[in-house]
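Trainee: Supplied in structure tokens, the structure appears directly below.
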Amino acid sequence: MSIHGRSNVTCRDLLISRNYLLAIIFSLVEYLIEIYFFPGVKELWWISNLGLAMVLIGEIIRMTAIVTAGQAFTHLIRVYHEEHHKLVTHGVYAYVRHPGYCGFFIWSIGTQIMICNPVSMIGFAVVVWNFFARRIPYEEFFLRQFFGSEYDEYASRVPSGVPFVR
1196 MSIHGRSNVT
1206 CRDLLISRNY
1216 LLAIIFSLVE
1226 YLIEIYFFPG
1236 VKELWWISNL
1246 GLAMVLIGEI
1256 IRMTAIVTAG
1266 QAFTHLIRVY
1276 HEEHHKLVTH
1286 GVYAYVRHPG
1296 YCGFFIWSIG
1306 TQIMICNPVS
1316 MIGFAVVVWN
1326 FFARRIPYEE
1336 FFLRQFFGSE
1346 YDEYASRVPS
1356 GVPFVR
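This note's numbering puts the first residue of the sequence shown at 1196, with every later residue one more than the last.
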């Protein structure tokens, strides 16, 4: 709250959707089934460590985005330009247009790799990717309205950070 002020974030603004909740439940079921029937799969420490590394990298990217953007970072997509709203293109934003989304994408897949859930890893990738594939164009519509050619130029040289989402 001290970094980017108060906001009225609701579940609708976050990834907490029916599909995401189903993915979480499926992940738990997959884990319990595999640990009971195939416990050796859950003992592949090098895979778990890869997942842990992804979780840490994803979290670092996301937190760096939040700190770098300051008040410009919000879970709500702004549909009105506010006076303090500036286009952030430095720091992690110089390499990825949506580092918060990129970090969450890496983090969510990493959680499933860390617990050796191969089916849920794919499920999380699909669910999270679909969420961002819809959200990024919607958000960028408003960013183009607010910042015009400055945003167009920025978007033309910096990738979104989510695979196959331009």
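Note that CB positions come from ideal geometry on N, CA and C, so glycine has one too. Predicted, not measured: the structure shown is a model, and the values here were computed from it.
Are the region 1306-1314 and the region 1237-1255 touching by the rule of at least three beta carbon pairs closer than 8 Å?
Mentor: Verdict: yes, contact present.
Trainee: Can you tell me whether ARG1329 is buried or exposed? The criterion is at least 16 other CB atoms within 10 Å of its CB, across all chains shown.
Mentor: Position 134 of the sequence shown, counted from the first residue, corresponds to residue 1329. Under this definition ARG1329 is an exposed residue.
Trainee: Count the other CB atoms within 10 Å of the CB of SER1351; is the residue buried (16 or more) or exposed (fewer)?
Mentor: For the purposes of this step, residue 1351 is identified with residue 156 of the sequence shown, where counting begins at 1. Exposed, since its Cβ has fewer than 16 Cβ neighbours within 10 Å.
Trainee: Taking 7 Å as the cut-off, is the beta-carbon of TYR1215 closer than that to any non-hydrogen atom of the ligand PLP?
Mentor: Looking at this structure, you won't find the ligand PLP or any other ligand, since it has none at all.
Trainee: Quick one: measure Cβ to Cβ for PHE1300 and VAL1357, integer angstroms, because I've assumed they're closer than 8 Å.
Mentor: Within the sequence shown, residue 1300 is the residue found at index 105, counting from 1. Within the sequence shown, residue 1357 is the residue found at index 162, counting from 1. Indeed they touch by this definition, with Cβ atoms about 6 Å apart.
Trainee: So, for VAL1314: in the same chain, excluding its five sequence neighbours on each side, which residues have a beta-carbon less than 7 Å away from its beta-carbon?
Mentor: As a position in the sequence shown, residue 1314 is number 119, starting the count at 1. Here the set comprises GLU1225.
Trainee: Roughly how far, in whole angstroms, is the beta-carbon of SER1303 from the beta-carbon of PHE1327, given that I think they are within contact range, below 8 Å?
Mentor: Here residue 1303 refers to the residue found at position 108 of the sequence shown. Here residue 1327 refers to the residue found at position 132 of the sequence shown. No, SER1303 and PHE1327 are not in contact; Cβ-Cβ is about 10 Å, not under 8 Å.
Trainee: What residue range is occupied by the uninterrupted alpha helix (DSSP H) comprising CYS1311?
Mentor: Within the sequence shown, residue 1311 is the residue found at index 116, counting from 1. Careful: CYS1311 lies outside any alpha helix (DSSP H) and carries neither H nor E.
Trainee: Nearest CA to the CA of VAL1378: which residue from VAL1321, THR1263, GLU1229?
Mentor: Examination of residue 1378 is not possible in this model, given that the chain is present from 1196 through 1361 alone.
Trainee: Quick one: which unbroken alpha helix (DSSP H) runs of 4-plus residues sit fully inside the region 1267-1324? Chain order, please.
Mentor: Runs of the alpha helix (DSSP H) inside the region 1267-1324: 1294-1309.
Trainee: Which word fits SER1197, buried or exposed, when buried means at least 16 other C-beta atoms lie within 10 angstroms of its C-beta?
Mentor: If you number the sequence shown from 1, residue 1197 lands on position 2. Legend: pLDDT at SER1197 = 48, less than 50; position of this residue unreliable, value from coordinates given subsequently. Exposed, because fewer than 16 other Cβ atoms sit within 10 Å of the Cβ of SER1197.
Trainee: With distances taken Cα to Cα, identify the nearest neighbour of ASN1312 among TYR1290, LEU1227, ILE1272.
Mentor: In the sequence shown, counting from the first residue as 1, residue 1312 sits at position 117. Checking every option, the nearest Cα to that of ASN1312 belongs to LEU1227.
Trainee: ARG1284: which of SER1212, VAL1353, ASN1214, ARG1213 sits nearest, CA to CA?
Mentor: Locating residue 1284 in the sequence shown gives position 89, counting from the first residue. Residue identity differs from the one stated: residue 1284 is Thr in this sequence, not Arg. Out of SER1212, VAL1353, ASN1214, ARG1213, VAL1353 has the C-alpha closest to the C-alpha of THR1284.
Trainee: ARG1257 and GLY1298: beta carbons closer than 8 Å?
Mentor: By 1-based counting over the sequence shown, the position of residue 1257 is 62. By 1-based counting over the sequence shown, the position of residue 1298 is 103. Contact flag set, yes.
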